[in-house]
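Visitor: Protein chains in written order, with my numbering: chain U, 2 to 232; chain Z, 33 to 207. Next up is a structure, given as structure tokens.
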Amino acid sequence: MDCTTVRTLLGFARAGELDDAERGALQQHLDACADCAAHSQSEQRFDDALAAAMPRVPVPSGLKTRVLIALTQARRPRPWPWLAAAAASLLAVGLGWYLWFRPAAELDYAQAAWEVDVKTAATPEKVEELFRERGFAIQAPREFNFELLDSFDDVEFQGRRVPRLTFLFRGDRDNRASLAHVYVLSTSHFQGQDYRESTATHQIEVRVRGDFIYFIIYNGSSLEPFLRPAV
Amino acid sequence: MRWPGTKRKIEQLVQAHYAALYRFAFRLSGAASEAEDLTQEAFCQAQAKFGQLRDVHKARGWLFAILRNVYLHKLRDRKTANAVALDDVGDIPDRLPEPLPDIEPQRLQVVLGEIPESFRTPLILFYFEDFSYRDIAEQLEVPLGTVMSRLARAKAFLKARLLVPVAANAARGEE
């Protein structure tokens, strides 16, 4: 084995790629050749110096924690921004299409006429019919003058939806204009008895009639202008 | 796809390998901030494709391979080419000075930065993480002979850049 071959084999020896026979032959040459032995030792010292220097890299403090945080963040399900954008675009296109091509609303002549009829010629029966259609079985306060009925609706009252009738008295020579709200309450939902109370700004009156309680709040000095004229 | 128990296993890998991976990244990139980015990115990719790790005993090599790929990807994006040709080494004395001086880690980093990545990576893996030639060949997907050739040339370059001035001075002192 010559010196050139030995220098080549030294590399294979470091890689652990020599078999027993090759390692034996190499060692035999190194024992006999001072130059190759010195070369081999020099290479080994350089390898050791490099191996010592290579890992001398300070690791920043907190790196492990930051890596673990990055992993946690990476595990979170990512929103699909493209999907959201596509959905928004689709919605915008659809909305535009609808607004542009939506069919014109058909006029409901009967409904409009009925509402005018109720306003102009309201009767207790018509009001009861309207509330029945809305799911309220009521008895209208027949002592009120329905010619003064201004509006009616179901409203929130102490935690329940209840019918409310509003009467408007426009005043005359002796009385100023005044307003009366009549809440029609079922005795199955509310308890009460006839009652009157006056304050500086309004009057409260409770009238119990059969299955219904009329809770009346009005301004003015008397409820009299809102009631039907006595026959 | 994420596998059952991945979270615990990947955290075990972090515990075992984060420091080595960071040092490898630093030697590859030469900058602390980039090394930290590379380390985090490598672990995130490892988590995402944890199912590909079939043998847990090969986790270290697998992680290093992922980090190197992340680094190469960034390198391609930057399109930097500041490495020198390894043939421009000059004469290297057959015998190195006695005693051999310590290799200063920062000086080593400067010289490593001058070596093309395909030569630098096997050098780091061999000396730093004690990977065998076969491990390196497998990781870089090159023949064993190529690994040996690249290592020999990279090592010669390092000798020339790190030790020749010392050797020359020592020789002058002897005269």
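Idealized CB from N, CA, C, for every residue including glycine. As the structure is a computational prediction, the values presented were derived from the model and not from experiment.
Report yes or no: do three or more beta-carbon pairs, one from the stretch 204 to 223 of chain U and one from the stretch 37 to 55 of chain Z, lie closer than 8 Å?
Guide: no
Visitor: Residues of the stretch 55 to 72 of chain U with a CB closer than 8 Å to any CB of chain A: list them in chain order, please.
Guide: Given the protein chain composition of this structure (U and Z), no chain A is represented.
Visitor: Which of helix, strand or coil does DSSP assign to ILE217 (chain U)?
Guide: In the first sequence, residue 217 (chain U) corresponds to position 216, counting from 1. In this structure, ILE217 (chain U) counts as strand in the three-state DSSP scheme.
Visitor: Between the stretch 7 to 24 of chain U and chain Z, which residues of the former have CB atoms less than 9 Å from a CB of the latter, in chain order?
Guide: GLY12, PHE13, ARG15, ALA16, GLY17 and GLU18
Visitor: Do TYR196 (chain U) and PRO142 (chain U) count as a contact pair if the criterion is CB distance below 7 Å?
Guide: Counting from 1 along the first sequence, the entry for residue 142 (chain U) is found at position 141. Counting from 1 along the first sequence, the entry for residue 196 (chain U) is found at position 195. Result no, Cβ atoms of PRO142 (chain U) and TYR196 (chain U) do not sit closer than 7 Å.
Visitor: So for ALA16 (chain U), helix, strand or coil by DSSP?
Guide: Sequence index remark: in the first sequence, residue 16 (chain U) carries index 15 (1-based). Coil at ALA16 (chain U), not helix or strand.
Visitor: Give a yes or no on whether the minimum CB-CB distance between TYR103 (chain Z) and chain U is below 7 Å.
Guide: Translated into the one-based positions of the second sequence, residue 103 (chain Z) becomes position 71. Cβ-Cβ to chain U under 7 Å: no for TYR103 (chain Z).
Visitor: Using the Cα positions of ALA113 (chain Z) and ILE156 (chain Z), report the straight-line distance between them to the nearest angstrom.
Guide: Counting from one through the second sequence, the residue named residue 113 (chain Z) turns up at place 81. Counting from one through the second sequence, the residue named residue 156 (chain Z) turns up at place 124. For ALA113 (chain Z), the predicted model reports a pLDDT of 49, less than 50, meaning its position is unreliable; a value from the coordinates is still stated below. Looking at the two C-alpha atoms, the distance is approximately 19 Å.
Visitor: So, does the CB of ALA75 (chain U) fall closer than 7 Å to a CB anywhere in chain Z?
Guide: Locating residue 75 (chain U) in the first sequence gives position 74, where the first residue counts as 1. Interface residue, yes.
Visitor: Helix, strand or coil for PHE58 (chain Z), going by three-state DSSP, please let me know.
Guide: For the purposes of this step, residue 58 (chain Z) is identified with residue 26 of the second sequence, where counting begins at 1. Here PHE58 (chain Z) sits in helix by DSSP.
Visitor: State the Cα-Cα distance for the pair TYR165 (chain Z) and GLY17 (chain U), rounded to the nearest angstrom.
Guide: Locating residue 165 (chain Z) in the second sequence gives position 133, where the first residue counts as 1. Locating residue 17 (chain U) in the first sequence gives position 16, where the first residue counts as 1. Between TYR165 (chain Z) and GLY17 (chain U), the C-alpha separation is close to 8 Å.
Visitor: Can you list, in chain order, the residues of its chain with a C-beta nearer than 6 Å to that of GLN141 (chain Z)? Leave out the 5 residues immediately preceding and following it.
Guide: Here residue 141 (chain Z) refers to the residue found at position 109 of the second sequence. Excluding residues within five positions, the ones whose Cβ falls inside 6 Å are GLY62.
Visitor: In the DSSP assignment, the alpha helix (DSSP H) including ARG76 (chain U) goes from what residue to what residue?
Guide: Here the question's residue 76 (chain U) lines up with position 75 in the first sequence. Its alpha helix (DSSP H) spans residues 64 to 76.
Visitor: Is the distance from the Cβ of ALA1 (chain U) to the Cβ of TYR159 (chain Z) below 7 Å?
Guide: A question about residue 1 (chain U) goes unanswered here, because the residues of chain U that appear run from 2 up to 232.
Visitor: Under a CB-based cut-off of 7 Å, is ALA52 (chain U) close to chain Z?
Guide: Mapped onto the first sequence, residue 52 (chain U) falls at position 51. Interface residue, yes.
Visitor: Where does PRO137 (chain Z) fall in DSSP's three states?
Guide: As a position in the second sequence, residue 137 (chain Z) is number 105, starting the count at 1. PRO137 (chain Z): helix per DSSP, three-state reduction.
Visitor: Could you check how far apart the C-beta atoms of LEU224 (chain U) and ILE217 (chain U) are, in whole angstroms? I think they sit under 8 Å.
Guide: Mapped onto the first sequence, residue 224 (chain U) falls at position 223. Mapped onto the first sequence, residue 217 (chain U) falls at position 216. Yes, they are in contact, since the Cβ atoms of LEU224 (chain U) and ILE217 (chain U) sit about 7 Å apart, within 8 Å.
Visitor: Along chain U, in chain order, which residues have C-beta atoms closer than 7 Å to that of ILE42 (chain Z)?
Guide: Within the second sequence, residue 42 (chain Z) is the residue found at index 10, counting from 1. Per Cβ cutoff of 7 Å: LEU72.
Visitor: Does DSSP put GLN140 (chain U) in a helix, in a strand, or in coil?
Guide: Residue 140 (chain U) sits at position 139 when you count from the first residue of the first sequence. GLN140 (chain U) falls in the coil class under three-state DSSP.
Visitor: In chain U, which residues lie less than 9 Å from PRO154 (chain Z) when you measure between Cβ atoms?
Guide: Counting from one through the second sequence, the residue named residue 154 (chain Z) turns up at place 122. Scanning chain U for C-beta atoms nearer than 9 Å to the C-beta of PRO154 (chain Z) yields nothing, as the closest lies near 11 Å away.
Visitor: What would DSSP say about VAL158 (chain U), mapped onto helix, strand or coil?
Guide: The sequence position of residue 158 (chain U) within the first sequence is 157, counting from 1. Contrary to the premise, residue 158 (chain U) reads as Phe rather than Val in this sequence. If DSSP states are grouped into helix, strand and coil, PHE158 (chain U) belongs with the strands.
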